Amino acid sequence: DANGATLDLLSGMPEELISRITRMGMRMPAEQLDSLITDLCSIRAFSIEELAKILNRTENHIRNKILPKLLKAKRITFTIPEMVNHPKQKYIATS
Numbered sequence: 004d005a006n007g008a009t010l011d012l013l014s015g016m017p018e019e020l021i022s023r024i025t026r027m028g029m030r031m032p033a034e035q036l037d038s039l040i041t042d043l044c045s046i047r048a049f050s051i052e053e054l055a056k057i058l059n060r061t062e063n064h065i066r067n068k069i070l071p072k073l074l075k076a077k078r079i080t081f082t083i084p085e086m087v088n089h090p091k092q093k094y095i096a097t098s
């Protein structure tokens with residue numbers, strides 16, 4: 004089930020981060036969502052599909068609304084920068 008998949012993605016994550024994710028609603032302010040994604044990607048790289056599952060958002064929303072501004076602000080970067088549309092592309096926080 005979807006919740007099981009989400010739990011798998013969160014295994015080994017800090018409790019504080021898991022707590023923020025479980026408390027979040029659909030109307031979370033953009034800054035909080037941006038911060039959550041940046042914090043997730045600082046632990047390991049995530050794909051759009053994984054982020055969508057964890058955050059209960061559509062892949063299109065993540066791809067078109069959230070990631071472009073985080074990339075532009077250099078808060079996250081591509082794991083395969085030479086091929087931004089690579090099927091195995093993931094995102095990681097910049098240090």
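Reminder that position 47 of the sequence shown reads as 50 in this note's numbering, one-by-one numbering, no gaps.
All C-beta atoms in this analysis are idealised placements derived from N, C-alpha and C, irrespective of residue type, glycine included.
Model, not experiment: these values are computed from the prediction.
Asked: Test item: CB-CB of Lys93 and Ser50 under 7 Å; Found: yes
Asked: Any alpha helix (DSSP H) of 4 or more consecutive residues that is wholly inside the region 40–91; Found: 51–58, 70–75
Asked: Spatial distance of Pro32 from Ser38 (CA atoms); Found: 10 Å
Asked: Closest Cα partner of Asp42 within the set Gly28, Glu52, Leu58, Pro84; Found: Leu58
Asked: Neighbourhood of Leu73 by C-beta distance below 7 Å, restricted to the same chain and skipping five residues each side; Found: Asp37, Ile40, Thr41, Ile79
Asked: Residue environment, Asp4, which counts as buried when at least 16 other CB atoms sit within 10 Å; Found: Confidence is the limiting factor: at Asp4 the pLDDT is only 47, short of 50, which leaves the residue's position unreliable, though a coordinate-based value still follows. Asp4 should be labelled exposed.
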